[in-house]
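Protein chains in written order, with this note's numbering: chain A, 1 to 233; chain B, 1001 to 1233.
Protein chains: 2
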Amino acid sequence: MVKKSTLESILQEEMSDFWALLENEEKRVIAENFKIQNFKKNEIIYSEGEEPLQLMCLLKGKVKIYKDGVGGRSQIIRLIRPVQYFGYRAYFSREPYVTAAAAIESATVGSLPMPLVEKYIRKNNGLAWFFIKELSNDLGISDARTVNLTQKHIRGRLAESLLVLKENYGVEEDGLTLNIYMAREDLANLSNMTTSNAIRTLSSFTNEKIITVDGRRIQIIDEERLRKISKFG
Amino acid sequence: MVKKSTLESILQEEMSDFWALLENEEKRVIAENFKIQNFKKNEIIYSEGEEPLQLMCLLKGKVKIYKDGVGGRSQIIRLIRPVQYFGYRAYFSREPYVTAAAAIESATVGSLPMPLVEKYIRKNNGLAWFFIKELSNDLGISDARTVNLTQKHIRGRLAESLLVLKENYGVEEDGLTLNIYMAREDLANLSNMTTSNAIRTLSSFTNEKIITVDGRRIQIIDEERLRKISKFG
DNA sequence: TTATAACTATGTTTTACAGCACAAAAATAA
DNA sequence: TTATTTTTGTGCTGTAAAACATAGTTATAA
């Protein structure tokens, strides 16, 4: 078991944006109820239909929020990086989860009971405003995504995904290699296409010297080109 | 009892969910800054790229929130009915509108300056909670929509749209006729398909006795069937 | 080590849907 | 009224992408 002081220091240092908004008494209670959990690669964090009870904060690793659709096909809705919050929306809407979450790579998740979070939101305006901004940002992204996924062609969708991955998880020291190693299947589920087509289109991009691929390592060589494809492809 | 202005009575009666959350002083200032505007059928209410300055509330009529995508194609993101609020999200995200809004039929819109709304959100917890719930609901719908639009086939998407129209705008006295008369093009933009395919698929549904069509009047005859198509089609 | 499963790669076939053309009907304007 | 534009309806064609098949390749387990 993790020491209480450690938990509090994580709240203070990692989740400072959230923590800083709390009053002293709130901080005490939040720290008491804060829990940390580890998830292995591919482990499910929560599933569709479950009751949303925790506000989660990704402290380490990478997480995908996804939705299973028609015929076993899965759609990745959004990607979470440290330090981002997730798992709370359905609670606000008083409904079970309509999405699921899983670790793309081994992940550390901090969590707080939603009823407690709601209680403090209702009396702490800074906290309320924090969630209004979070939700507003996510909603804007979701709306934009709907159009991108439905109207762009395969090349455009994959190009966009690669750029999103770069923006979201950044690159390694070389400034080119994406700092995330995703299975082709996940890349496909992110881009709304079949795995075969993700593989095929990656090959095309490689042939056109837009990217290089080494297993799951992807380097973006010609970002400008990728942006053009994303916009018009 | 003091006689209220027309504007104030609209706030009190039509926008009661919002109004009831305000303190007396807030009510006074809100009433002072409340404006009403009329829009003709097909008139644009706001456009992508504009600065979001008003919280809008649809008092009468029907409004579509849409986004122009690749090659002049348009995607309807959500539909607004009285009394629903819209136009505020982008302001919270401190960005220009990423969507546009237009009247499907002649509409009356009440509006309030966003800076004022923000000011009150920051000191009125009930108001903050109101927007947290609104945003949460919209985000859940948007995420579900992404999957529906990308994974379902044409028949499934149109079936779903018809059901959404029924849930959203209801039916006339006969219990069957959708209470909204949309152009085929709008129906197509709502369902992510071409106008031709919307027309064709409507014809198919008619032949299969699932609906009847008379111009823009649509009656849902076999809702059960429509649900099945929406789910598995 | 070998065996087994999971992932990646690529070629072939099928099909759902967009794109286009054109006509009829309805709405709107002159 | 007639003229003109907009909307609706159908048939035809082409193609993007799914579905399928099969094989090589890399992990994981026994």
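Backbone N, C-alpha and C fix where the C-beta goes; we use that ideal spot for every residue, glycine too.
Strictly below 9 Å CB to CB, what residues from chain B border I121(A)? The answer, in chain order, is N1125, A1128, W1129, I1132.
Where E95(A) meets chain B, residues with beta-carbon distance less than 8 Å: Residues of chain B passing the Cβ test: G1140.
In angstroms, rounded to a whole number, what distance separates the CA positions of Y1085(B) and L1055(B)? 7 Å
Within the continuous alpha helix (DSSP H) that includes S1111(B), where are the two ends? No alpha helix (DSSP H) holds S1111(B); the beta strand (DSSP E) holding it covers 1100-1113.
DSSP beta-bridge partners for L79(A)? K64(A)
Ranges of the alpha helix (DSSP H) found wholly within the stretch 148-190 of chain A, counting only runs of at least 4: 154-169, all fully within the stretch 148-190 of chain A.
Compute the Euclidean distance between the alpha carbons of V1002(B) and S142(A), then round it to the nearest angstrom. Because V1002(B) sits at a pLDDT of 49, beneath the cut-off of 50, its placement in the model cannot be relied upon, and the point is left open.
When I1210(B), L1127(B), I1065(B) are compared against A1101(B), the one with the closest alpha-carbon: I1065(B)
Should R73(A) and Q1151(B) be called a contact, given that it needs their Cβ atoms to be closer than 7 Å? yes
Which residue's Cα is closest to the Cα of P96(A): T1006(B), N1137(B), R1225(B), F1018(B)? Of the listed residues, the one whose Cα sits closest to P96(A) is N1137(B).
Partners in chain B for I76(A), counting only beta-carbon separations shorter than 9 Å: By Cβ distance, chain B contributes nothing, its closest Cβ being about 10 Å from I76(A), past 9 Å.
Which residues does DSSP pair with M1056(B) in a beta bridge? F1086(B), S1111(B)
I need the straight-line Cα distance from G69(A) to T1206(B), nearest angstrom please. 27 Å
Between the stretch 1191-1211 of chain B and chain A, which residues of the former have CB atoms less than 7 Å from a CB of the latter, in chain order? Cβ proximity to chain A below 7 Å picks out N1192 from the stretch 1191-1211 of chain B.
Work out the CA separation of F130(A) and L176(A) for me, nearest whole Å. 33 Å
Quick test of your reading: L1011(B) and I1036(B), contact by CB under 8 Å. State the CB separation rounded to the nearest angstrom. Actually they do not touch by this definition, with Cβ atoms about 10 Å apart.
What does the alpha-carbon distance come out to for the pair I199(A) and S230(A)? 17 Å
Out of E50(A), S106(A), I104(A), which has the shortest C-alpha to C-alpha gap to G87(A)? E50(A)
My assumption, with CB atoms under 8 Å, is that Y1169(B) sits in contact with I1180(B). Please give the rounded CB distance. 4 Å
Please report the distance separating the alpha-carbon of E173(A) from that of L202(A). Per the coordinates, the alpha-carbon of E173(A) lies some 23 Å from the alpha-carbon of L202(A).
Proximity test, Cβ basis, 7 Å: G1069(B) and chain A: Yes, contact with chain A.
Straight-line gap, R157(A) to G233(A) (C-alpha atoms, nearest Å): Cα to Cα, the separation comes out at about 8 Å.
Own chain partners of T1108(B) with C-beta closer than 7 Å, once the 5 adjacent residues on each side are dropped: I1036, N1038, L1059, K1060, G1061
Measure the Cβ-Cβ separation of L1127(B) and N1033(B) and say whether it is below 7 Å. no
Given E23(A) as reference, the closest of Y120(A), L163(A), I132(A), I220(A) once Cα atoms are compared: Y120(A)
Amino acids of chain A, ordered along the chain, whose beta-carbon sits closer than 7 Å to that of S1161(B): Correct list: empty, because the minimum Cβ distance to chain A is about 13 Å.
Please tell me whether V117(A) has its Cβ less than 7 Å away from any Cβ of chain B. no
Residue burial classification, D1214(B) (beta-carbon count within 10 angstroms, cutoff 16): With fewer than 16 other beta carbons inside 10 angstroms of its own, D1214(B) counts as exposed.
Exposure of E1134(B), with buried meaning 16 or more beta-carbon neighbours within 10 Å: buried
Within the 7 Å Cβ cut-off, does V1098(B) reach chain A? yes
Residue closest to I237(A), alpha-carbon to alpha-carbon, out of E25(A), D222(A), E160(A), M15(A): There is no way to answer for residue 237(A), as the model of chain A reaches only from 1 to 233.
Are there 16 or more other CB atoms within 10 angstroms of the CB of E1160(B), so buried, or fewer, so exposed? buried
Note down the Cα distance separating N1124(B) from S1106(B), rounded to an integer number of angstroms. 34 Å
Closer than 7 Å by beta-carbon distance: list the chain A residues that pair up with F1092(B), in chain order. I132, K133, S136
Contact set for I1076(B): own chain, Cβ-Cβ below 8 Å, skip 5 residues either direction: K1064, I1065, Y1066, D1186, N1189, L1190
Going by DSSP, what residue range makes up the alpha helix (DSSP H) through N1038(B)? Unbroken run through N1038(B) is the beta strand (DSSP E), 1035-1039; no alpha helix (DSSP H).
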